[in-house]
Ligand code: NIG
Ligand code: FE
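Residue numbers (our numbering): 91 to 520.
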């Protein structure tokens, strides 16, 4: 997927970013270290520099250090931003979102408040299938307008890179439509995006009696078309009860791998069915959700080097209480990623700061571990660790000036009405 990859890191404002000096950073959270996913004790090492400054030239970080050391190298006339003693850190990287969809599921939300479960609503023809219908009917312009509104929410919350999945089309043409919208959005918003074709999200109603036929459509037509247009870097499959079986997922992922896609998976959100072991077997980059994953699954992920992507927002927003066992994963040496799973059904949530609070409160991740999961480890899972996820010389100047003075406050002040100052490639975007 070469051209998709080379298009990464481009913003709507052109290839070359801005120059700016940021001074008086009370805590400059650099996450300096190896450009790869971090594990074990590394998850607690944020590389914090106190009372520091940051020099950005042409959209990239030129230097990180004390104001006195850097000042002499500030080019004449450079814009100087005073961070006011606050926390400055990399923009969040959200490695699992369903950004593009038609309509919303507000009425289903109200039904759930009234006592119906997510699965009951899906069984009655709602759920993912209801969004499928609305997405198929929507024009590219309608989908783009809705997604731009949400892209702006991501940016305003301090997220500067997201992974964006298709998956609400499930026909060749409508999946291409969604992926074209993602490609268009890359030009229209400063939010960086990596596209994933979620080829098998739900068995579409017209294939209810012919599941094998749908798997063939994916492997023989959908994946070749997406690869041919170079519209996605990764392929994802929702492997779970009521979704695709381990055997169906294996067929699709094996075909995707042969076509050059990286692999991501939705696994064990509702049942422990061996999805994590399949992610290991096919060499997936990530296995996402993992609420029901047990010891054997964790060991398999570790042996195969698969990163777990944990999405506590969807557990929370479904009103459920079974969160993934992040502590067991960290103790096993896995490199956890945190993400919103933004989507209209299980997780209408764009805030990575809120996800960090949930990770701390319900999965017992330390604030530092959660921040690594929301930045460097997420970047590594998207093959972008050399570009984003930390503030080090040579990297993209995607950073956020938070309203806090201590990075732990991001987890502590739950759902605080923050207005972070957000920069992408050295330009203020929110
Ligand atoms: O990640 N689990 C599958 N897919 C989404 C939910 C999509 C929806 O409800 O529309 C998820 O939670
Ligand atoms: Fe998801």
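Note that CB positions come from ideal geometry on N, CA and C, so glycine has one too.
Same chain, Cβ closer than 6 angstroms to residue i, five either side skipped, listed in chain order
| i | result |
| --- | --- |
| residue 514 | 101, 250, 280 and 488 |
| residue 316 | 287 and 322 |
| residue 216 | 198 |
| residue 468 | 183, 185 and 427 |
| residue 422 | 388 and 392 |
| residue 258 | 191, 221, 222 and 225 |
| residue 332 | none |
Heavy atom of the ligand NIG within 7 angstroms of residue i beta-carbon
| i | result |
| --- | --- |
| residue 437 | yes |
| residue 209 | no |
| residue 359 | yes |
| residue 328 | yes |
| residue 404 | yes |
| residue 251 | no |
| residue 342 | no |
| residue 291 | yes |
| residue 217 | yes |
| residue 221 | yes |
Expected contact under 8 angstroms - CB spacing of residue i and residue j to nearest Å
| i | j | result |
| --- | --- | --- |
| residue 290 | residue 339 | 7 angstroms |
| residue 150 | residue 486 | 6 angstroms |
| residue 497 | residue 461 | 6 angstroms |
| residue 507 | residue 153 | Contact flag wrong, Cβ pair sits at about 33 angstroms. |
| residue 262 | residue 178 | Going by Cβ atoms, the distance from residue 262 to residue 178 rounds to 45 angstroms, so no, they are not a contact pair. |
Residues of its chain near residue i, where Cβ-Cβ distance is below 7 angstroms and the 5 sequence neighbours each way are ignored
| i | result |
| --- | --- |
| residue 345 | 309 and 313 |
| residue 283 | 252, 254, 272, 275 and 276 |
| residue 93 | Because residue 93 carries a pLDDT of 40, less than 50, the predicted location of this residue cannot be relied on, and no value is offered for it. |
| residue 391 | 366, 369, 370, 377, 398 and 424 |
| residue 516 | 107, 108, 109, 110, 146, 149 and 487 |
| residue 175 | 114, 116 and 495 |
| residue 501 | 446, 447, 450, 457 and 460 |
Chain-order list of residues whose beta-carbon lies under 8 angstroms from that of residue i (same chain, five-residue window excluded)
| i | result |
| --- | --- |
| residue 402 | 413, 414, 428, 445, 448, 449, 452 and 453 |
| residue 518 | 511 and 512 |
| residue 435 | 195, 198, 208, 217, 218 and 221 |
| residue 188 | 254, 255, 257, 258, 288, 431, 432, 433 and 434 |
| residue 475 | 125, 126, 127, 466 and 469 |
Do three or more CB pairs link the region 359-366 to the region 374-394 at distances below 8 angstroms? yes
Neighbouring residues (CB closer than 6 angstroms to any heavy atom of the ligand FE): 186, 188, 356, 431 and 433
For the region 238-248 against the region 213-230, do three or more pairs of beta-carbon atoms, one drawn from each stretch, fall closer than 8 angstroms, so that the two count as touching? no
Could you say if the region 179-199 and the region 427-441 meet the contact criterion of at least three C-beta pairs nearer than 8 angstroms? yes
Between the region 387-406 and the region 365-376, are three or more C-beta pairs nearer than 8 angstroms? yes
Just checking, does the region 292-299 make contact with the region 189-207 on the three C-beta pairs under 8 angstroms criterion? no
Evaluate the contact criterion for the region 108-119 versus the region 133-147: three or more CB pairs, one atom per stretch, below 8 angstroms. yes
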